[in-house]
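K.L.:
When the letters of the sequence shown are read in order and numbered with UniProt numbering, they come out as residues 1 to 96.
Every residue, glycine too, gets a C-beta built ideally from N, C-alpha and C.
The structure displayed is predicted, hence computed values, not measured ones.
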Amino acid sequence: MTQSKLEKLKSKLADAEKKRVQLDKTIKRLQSQISEEETKSFRMTLTELDLSVEEAISFLKEKNRPSAAQLAHSFNQAAPPSDYQNAEGKELKNNV
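(1) CB L46 to CB V53, shorter than 8 Å?
(2) Going residue by residue through the region 7 to 59, where are the continuous beta strand (DSSP E) segments of at least 3 residues, counting only ones entirely within it?
(3) Look at the alpha carbon of E38 and the alpha carbon of K18, and state the distance between them as a whole number of angstroms.
(4) Determine the DSSP secondary structure at N76, reduced to helix, strand or coil.
(5) Between the C-alpha atoms of N76 and Q33, what's the straight-line distance to the nearest angstrom?
(6) Among residues of its own chain, excluding the 5 on either side of L6, which ones have a beta-carbon nearer than 7 Å to its beta-carbon?
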């Protein structure tokens with residue numbers, strides 16, 4: 001390889017590393033913002049429901065909630081409606 005090609009490749013590599021560092025910083029900042037928003041939301045919900053953190057944790061642990069897989073399965077099992085009406089009140093077949 002010629003010297004100029006090597007210099008161009010080194011320059012591209014340096015630029016890519018700078019962009020990676022910038023993206024890493026942006027990702028960390030966004031993750032921090034998301035965490036702060038989730039915490040604020042959680043605290044607001046606790047305040048609205050007049051619950052302590054311990055009560056909320058206990059509530060979440062005690063509830064017999066379906067898992068995500070169970071929910072997905074139940075949504076997949078639900079049959080779509082076969083008929084519906086248009087704006088004029090005429091029945092139409094659902095072609096889903």
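P.N.:
According to the structure shown:
(1) Going by C-beta atoms, L46 is nearer than 8 Å to V53.
(2) None, since the region 7 to 59 contains no complete beta strand (DSSP E) of that length.
(3) In this model, E38 and K18 are separated by some 30 Å (Cα to Cα).
(4) DSSP places N76 in helix when its eight states are reduced to three.
(5) Those two C-alpha atoms are separated by around 34 Å.
(6) So no residue of the chain qualifies.
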